[in-house]
Amino acid sequence: MKATIIGLFLIAIATQWSWAQHAATEREIINLSKEKWQWMSDKKVDTLNALFHEKAVFVHMGGSMTKEQELGVIKSGGIHYKQADIHEVSVNLIGNVAILLNKITLLAVVGGNEVTNPFMVTEVYLKEGVTWKLGSMSFTRLLTPSDR
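As structure tokens, then:
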């Protein structure tokens, strides 16, 4: 009986610790994503270069880009991510992979034209050692009542 109680106690402690670790990792990914939006707005290409995985892919409404292409477009101002207003965020953890979904309104300058679009942005982060790297970022434009 005593061994059963001790066993149940240890299981409860391990479950709480695991849940706390999970919640802390979710917060870490959410904060990293928020920082990434600011770095993109500020055109901090060197900081973004360190965040983006070497094989990262970026999917936009007009096509896909490699890491080098995305950094080049940010640096040149071909796309200036001026402001991302985040409305909803969720994180799903699968092993060393974090999938973050952001529902945002993005104010950007694209090809010299200022545009505002509602997006669901999917960001996939991969943990390499103790560092999270962005492996994929995809923009899906959301329909608004005026689109229907």
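Read in order, the letters of the sequence shown correspond to residues -23 to -1, 1 to 125 in mature numbering (1 follows the signal peptide of the UniProt record, and there is no 0).
Ideal placement from N, C-alpha and C gives every residue a C-beta, glycine not left out.
- Message: Using C-beta distances below 6 Å, list every residue in its chain close to Gly72, excluding the 5 sequence neighbours before and after it, in chain order.
- Response: Taking the sequence shown and counting its residues from 1, one reaches residue 72 at position 95. Result list for Gly72: empty, nothing under 6 Å.
- Message: Are the CB atoms of Tyr102 and Ala75 within a distance shorter than 8 Å?
- Response: For the purposes of this step, residue 75 is taken as the residue at position 98 of the sequence shown. For the purposes of this step, residue 102 is taken as the residue at position 125 of the sequence shown. Their beta carbons are under 8 Å apart, which means Ala75 touches Tyr102 by this criterion.
- Message: From the DSSP secondary-structure annotation, give me the bridge partner or partners of His37.
- Response: As a working mapping, residue 37 is identified with position 60 in the sequence shown. Paired residues: Gly40.
- Could you pull the start and end residues of the beta strand (DSSP E) that Leu103 belongs to? The sequence position of residue 103 within the sequence shown is 126, counting from 1. Secondary structure note for Leu103: its beta strand (DSSP E) is the uninterrupted segment Asn90 to Glu105.
- Among the residues of its own chain, which have a CB less than 7 Å from the CB of Leu(-14), if the five just before and after it don't count? As a position in the sequence shown, residue -14 is number 10, starting the count at 1. Bear in mind that a pLDDT of 49 at Leu(-14), under 50, signals an unreliable position, so the number given afterwards is only what the model happens to contain. Within the same chain, Leu(-14) has no close Cβ partners at all.
- Item | Whole-angstrom distance between Met17 and Lys11, CA atom to CA atom | Counting from one through the sequence shown, the residue named residue 11 turns up at place 34. Counting from one through the sequence shown, the residue named residue 17 turns up at place 40. Distance between the alpha carbons of Lys11 and Met17: 10 Å.
- Item | Through-space distance from Leu48 to Phe116, alpha-carbon basis | Reading the sequence shown from its first residue, position 139 is the one you call residue 116. Reading the sequence shown from its first residue, position 71 is the one you call residue 48. One C-alpha to the other measures close to 16 Å.
- Message: Just to confirm before moving on: does the CB-CB distance between Trp109 and Ile7 stay below 8 Å?
- Response: Locating residue 109 in the sequence shown gives position 132, counting from the first residue. Locating residue 7 in the sequence shown gives position 30, counting from the first residue. Taking 8 Å as the Cβ cut-off, Trp109 and Ile7 do not qualify as a contacting pair.
- Compute the distance between the beta-carbons of Met42 and Val50, then report whether it is under 8 Å. Counted from its first residue, the sequence shown places residue 42 at position 65. Counted from its first residue, the sequence shown places residue 50 at position 73. Result yes, Cβ atoms of Met42 and Val50 sit closer than 8 Å.
- Alpha carbon to alpha carbon, how far is Leu120 from Thr82? Give it in angstroms, no decimals. Your numbering for residue 82 matches position 105 in the sequence shown. Your numbering for residue 120 matches position 143 in the sequence shown. The straight-line gap separating the alpha-carbon atoms of Thr82 and Leu120 is approximately 12 Å.
- Look at the alpha carbon of Leu84 and the alpha carbon of Thr2, and state the distance between them as a whole number of angstroms. Mapped onto the sequence shown, residue 84 falls at position 107. Mapped onto the sequence shown, residue 2 falls at position 25. Their Cα atoms are separated by approximately 28 Å.
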